[in-house]
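> Shown below is the structure under consideration.
Protein chains: 2
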Amino acid sequence: MSAHGPSRHDLLTIGQLADRSGLAASALRYYEKLGLIHATRTTGNQRRYTRGTLRRIAFVRAAQRVGLSLDEAKVALDRLPEHRAPSGAEWDGVAQSWQSRIDEQIAELERLKAKLTGCIGCGCLSLTRCGLYNAADRAGATGPGARYLLTRDPATGPEPAGGDFTE
Amino acid sequence: MSAHGPSRHDLLTIGQLADRSGLAASALRYYEKLGLIHATRTTGNQRRYTRGTLRRIAFVRAAQRVGLSLDEAKVALDRLPEHRAPSGAEWDGVAQSWQSRIDEQIAELERLKAKLTGCIGCGCLSLTRCGLYNAADRAGATGPGARYLLTRDPATGPEPAGGDFTE
DNA sequence: CTGCTACTTGAAGTCGACTTCAAGTCAAGC
DNA sequence: GCTTGACTTGAAGTCGACTTCAAGTAGCAG
Chain L
1 MSAHGPSRHD LLTIGQLADR SGLAASALRY YEKLGLIHAT RTTGNQRRYT RGTLRRIAFV
61 RAAQRVGLSL DEAKVALDRL PEHRAPSGAE WDGVAQSWQS RIDEQIAELE RLKAKLTGCI
121 GCGCLSLTRC GLYNAADRAG ATGPGARYLL TRDPATGPEP AGGDFTE
Chain V
1 MSAHGPSRHD LLTIGQLADR SGLAASALRY YEKLGLIHAT RTTGNQRRYT RGTLRRIAFV
61 RAAQRVGLSL DEAKVALDRL PEHRAPSGAE WDGVAQSWQS RIDEQIAELE RLKAKLTGCI
121 GCGCLSLTRC GLYNAADRAG ATGPGARYLL TRDPATGPEP AGGDFTE
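The listed protein sequences correspond, in order, to chains L and V.
Numbering follows full-length UniProt numbering, with no gaps: position 109 of the first sequence is 109.
Numbering follows full-length UniProt numbering, with no gaps: position 8 of the second sequence is 8.
See the structure below:
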């Protein structure tokens, strides 16, 4: 065989991909079911992955870190070229939206940190003034089923504040 | 009645607490089942919460933000006085451990951000050098059931790196 | 060809954090 | 005293992200 396509050396079994990605094989199958990654099959029906799949997985894991669900990750992933590495411009869009997400999360953590430090500073003795004391107020109740921890959408609504130490 | 204890004005119904905390009443009952908050009962068996409960809830929500589970939050909460606001020293311990968690999370996000910016900078054209391209490698497989997204324990193991853009 | 491990499938189970439901009880305004 | 809306319970359901299981097949070393 003298083809230039992915030779058997470039193709990874699910076990190899699992080892290299740090995900369980079952997780990889699950990702495939969701359409996050794709595999070719051997004549015997076993999955074979190209190396590029590692890139896709890295992308997905990074997306999770910035608070995206796998479905959301898929949307972002689908806008990138399937078989080629993304171009600078293509990256730019995705990366920029992540930047803001990351910045937002960092900012939120900084706020929390500041509140906490302030709380230590004041010794939490002046209860009526301490942030934590009357903290939980004024929540925007994102409705039933809402879980705000890390899934806040920057473009949706005026900030839940359920645990934000405002007021 | 001339007692100085919490008068009926200081006691909140579950609905009021839900409104003020931004949590659903069902969530508050769930928290109570977990021992995160407590309620007294009216003669008719309805829950009444003291204002301090808002503080406990704020604490729990903050704990969730820094990546703690409700069970972990309970552990931290149980080390604080139940009916009084915590003293400076008491806060100090909790707050400090949170500080490091927060700092850690911020650091991780900064790392991700840096990788992302680097990726934009290089235009992702030199595939063999791009962080994302061969990113997913070298994962420490935290074992079955492991989900590392935000639940990493600083004191446990040498960093998963499943989605970390190292190597 | 044998033997072994890695692979295949779909269905079901798990975990955390809640929500929903049904059927009934309480509190309060008129 | 009646009505209305907020409250009570336990059990079951949901959601995302996987894992586990059982029974069978592939790939490869020797």
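Even glycine gets a Cβ: it sits at the ideal position worked out from N, Cα and C.
Bear in mind the structure is a predicted one, so any value in this text is a computation, not a measurement.
(1) State the CB to CB distance for the pair Leu80 (chain L) and Tyr49 (chain L), rounded to an integer number of angstroms; the pair is presumed to be in contact (CB under 8 Å).
(2) At which residues does the alpha helix (DSSP H) containing Ala62 (chain V) begin and terminate?
(3) For a contact meaning CB atoms closer than 7 Å, what does Gln99 (chain L) contact in chain V?
(4) Can you name the residues of chain L whose CB is closer than 7 Å to the CB of Leu109 (chain V)?
(5) On the DSSP bridge assignment, give the partners of residue 178 (chain V) in chain order.
(6) Would you call the CB atoms of Leu109 (chain V) and Ile106 (chain L) closer than 8 Å?
(7) Applying the 10 Å Cβ sphere with the 16-neighbour rule, what's the burial state of Ser26 (chain L)?
(8) As a quick exercise: from V:Ala114, V:Asp103 and V:Leu23, pick the residue whose alpha carbon is nearest that of Arg61 (chain V).
(9) Whole-angstrom Cβ separation of Val75 (chain V) and Trp98 (chain V), contact assumed at under 8 Å?
(10) Can you tell me whether Ala114 (chain V) is buried or exposed, with buried defined as 16 or more other CB within 10 angstroms of its CB?
(11) Is there a Cβ of chain V sitting closer than 8 Å to that of Ala95 (chain L), yes or no?
(12) Should Ala89 (chain V) be labelled buried (16 or more other beta-carbon atoms within 10 Å of its own) or exposed?
(13) Counting contacts by CB-CB distance shorter than 8 Å, is Ala76 (chain L) in contact with chain V?
(14) Using the three-state DSSP reduction, which class does Glu72 (chain V) fall into: helix, strand or coil?
(15) On the DSSP bridge list, what partners appear for Leu12 (chain V)?
(16) Are there 16 or more other CB atoms within 10 angstroms of the CB of residue 189 (chain V), so buried, or fewer, so exposed?
(17) Do Ile102 (chain V) and Leu112 (chain L) come within 8 Å of each other at the CB atom, strictly closer than that value?
(18) Please state whether the Cβ-Cβ distance between Arg47 (chain L) and Arg55 (chain L) is less than 8 Å.
A quick look at the data gives this:
(1) As a position in the first sequence, residue 80 (chain L) is number 80, starting the count at 1. As a position in the first sequence, residue 49 (chain L) is number 49, starting the count at 1. That pair is no contact at about 17 Å.
(2) Residue numbering aside, residue 62 (chain V) sits at position 62 when the second sequence is read from its first letter. It spans Gly52 to Arg65 - the alpha helix (DSSP H) in which Ala62 (chain V) sits, taken as one unbroken run.
(3) In the first sequence, counting from the first residue as 1, residue 99 (chain L) sits at position 99. Chain V residues near Gln99 (chain L): Lys113 and Leu116.
(4) Numbered from its first residue, the second sequence carries residue 109 (chain V) at position 109. Ordered by position in chain L, the residues that pass the 7 Å Cβ test against Leu109 (chain V) are Ile102, Gln105 and Ile106.
(5) No statement about residue 178 (chain V) is possible, as the shown extent of chain V runs from 1 to 167 and does not include it.
(6) Your numbering for residue 109 (chain V) matches position 109 in the second sequence. Your numbering for residue 106 (chain L) matches position 106 in the first sequence. Going by C-beta atoms, Leu109 (chain V) is nearer than 8 Å to Ile106 (chain L).
(7) As a first step, residue 26 (chain L) is located in the first sequence; it is residue number 26 there, counting from the start. So Ser26 (chain L) counts as exposed.
(8) The residue labelled residue 61 (chain V) in the question sits at position 61 within the second sequence. When only C-alpha atoms are compared, the closest one is V:Leu23.
(9) For the purposes of this step, residue 75 (chain V) is identified with residue 75 of the second sequence, where counting begins at 1. For the purposes of this step, residue 98 (chain V) is identified with residue 98 of the second sequence, where counting begins at 1. Their Cβ separation, rounded to whole angstroms, is 13 Å, which puts Val75 (chain V) and Trp98 (chain V) out of contact at 8 Å.
(10) Within the second sequence, numbered from 1, the residue matching residue 114 (chain V) stands at position 114. Exposed, by the Cβ-count rule.
(11) For the purposes of this step, residue 95 (chain L) is taken as the residue at position 95 of the first sequence. At least one chain V Cβ lies under 8 Å of Ala95 (chain L).
(12) Looking up residue 89 (chain V) in the second sequence gives position 89. Counting Cβ neighbours within 10 Å, Ala89 (chain V) comes out exposed, since fewer than 16 surround it.
(13) Your numbering for residue 76 (chain L) matches position 76 in the first sequence. Chain V, which has no Cβ nearer than 8 Å to the Cβ of Ala76 (chain L), makes this no.
(14) As a working note, residue 72 (chain V) is residue 72 in the second sequence. Of the three classes helix, strand and coil, the one that applies to Glu72 (chain V) here is helix, per DSSP.
(15) Taking the second sequence and counting its residues from 1, the one referred to as residue 12 (chain V) is at position 12. DSSP output for Leu12 (chain V) lists V:Tyr49 as bridge partner(s).
(16) In the structure as shown, chain V starts at 1 and stops at 167, and residue 189 (chain V) therefore has no counterpart that could be examined.
(17) Sequence index remark: in the first sequence, residue 112 (chain L) carries index 112 (1-based). Sequence index remark: in the second sequence, residue 102 (chain V) carries index 102 (1-based). Yes.
(18) To locate residue 47 (chain L), count along the first sequence from 1; it is residue 47. To locate residue 55 (chain L), count along the first sequence from 1; it is residue 55. Contact: no.
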